[in-house]
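Novice:
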């Protein structure tokens, strides 16, 4: 298991972020309600858990770490299933975020995961302004991220 103290920054040795990340959609198995998080840097932007791969982490390890860091859910400690959707999409980085990446990097590769919880719960947010549980259709409509919308639709909305 990777602890936060081992990975405090997502910068590569060259000082730039690795253009590879995860998306983890957290939802309630029976109701299909989805946890959405309000970004600090853009309060109009709601999303699922996301985060960049650090060091030699695998996407699975990154998903476990990011879920624990961003919402306080310990997937391993609670014996929860982290479902690897076996989907990887590429998207263009927002222009204002490209300075975090090596010169010439314009796209990011994103690996999709889902976490099904038995019921809604309060979460501890550390990197966001607020959170809310929404019906899957409302969550998909709320996010500005086409990949987050697609993941919610494919793995929660049409599968519950």
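Numbering (the numbering used here), first residue to last: 18 to 177. Cβ coordinates follow ideal geometry from the N, Cα and C atoms, glycine included. A quick note: this is a predicted structure, and the numbers were derived from the prediction, not measured.
Given 8 angstroms as the limit, is there contact between the stretch 127–134 and the stretch 89–107, that is, 3 or more CB pairs closer than that?
Specialist: In short, these stretches touch, since the Cβ pair count reaches three.
Novice: Thinking just about the alpha-carbon of each residue, which of 35, 143, 176 and 156 is nearest to the one in residue 79?
Specialist: Here residue 79 refers to the residue found at position 62 of the chain shown. Cα-wise, what sits closest to residue 79 is 35.
Novice: Considering just the uninterrupted stretch of the alpha helix (DSSP H) at residue 85, what are its terminal residues?
Specialist: Mapped onto the chain shown, residue 85 falls at position 68. That run of the alpha helix (DSSP H) goes 76–88.
Novice: At a cut of 8 angstroms, does the stretch 35–44 reach the stretch 119–133 through at least three beta carbon pairs?
Specialist: At 8 angstroms Cβ cutoff, the stretches touch.
Novice: Residues bridged to residue 44 by DSSP?
Specialist: For the purposes of this step, residue 44 is taken as residue 27 along the chain shown, with counting starting at 1. Beta-bridge pairing links residue 44 to 51 and 133.
Novice: Classify residue 96 as helix, strand or coil using the three-state DSSP reduction.
Specialist: In the chain shown, residue 96 corresponds to position 79, counting from 1. The answer is coil: DSSP assigns residue 96 none of H, G, I, E or B.
Novice: Excluding sequence positions up to five away, which residues of its chain have a Cβ less than 7 angstroms from the Cβ of residue 42?
Specialist: For the purposes of this step, residue 42 is identified with residue 25 of the chain shown, where counting begins at 1. The answer, listed in chain order, is 51, 65, 131, 168, 169, 172 and 173.
Novice: Within the same chain, show all residues whose beta-carbon is closer than 6 angstroms to that of residue 70, passing over the 5 residues directly before and after it, in chain order.
Specialist: Counted from its first residue, the chain shown places residue 70 at position 53. For residue 70, where only same-chain residues beyond five positions count, the Cβ hits under 6 angstroms are 35, 37 and 79.
Novice: Are the beta-carbon atoms of residue 215 and residue 88 separated by less than 8 angstroms?
Specialist: This structure cannot settle anything about residue 215, because the visible part of the chain is limited to 18 through 177.
Novice: My understanding is that residue 3 touches residue 81, with C-beta atoms under 8 angstroms, so please give their C-beta distance in whole angstroms.
Specialist: In the structure as shown, the chain begins at 18 and stops at 177. Residue 3 is therefore absent and cannot be evaluated.
Novice: On the DSSP bridge assignment, give the partners of residue 104 in chain order.
Specialist: Numbered from its first residue, the chain shown carries residue 104 at position 87. The partner list for residue 104 (beta bridge, DSSP) is empty, contrary to what the question assumes.
Novice: If residue 157 and residue 166 are in contact, beta carbons under 8 angstroms, what's the gap, nearest whole angstrom?
Specialist: Along the chain shown, one-based indexing puts residue 157 at 140. Along the chain shown, one-based indexing puts residue 166 at 149. Between residue 166 and residue 157 the Cβ distance is about 5 angstroms, and since that is below 8 angstroms, they are a contact.
Novice: Quick check: the Cα distance between residue 49 and residue 68, rounded to an integer number of angstroms?
Specialist: To locate residue 49, count along the chain shown from 1; it is residue 32. To locate residue 68, count along the chain shown from 1; it is residue 51. One C-alpha to the other measures close to 23 angstroms.
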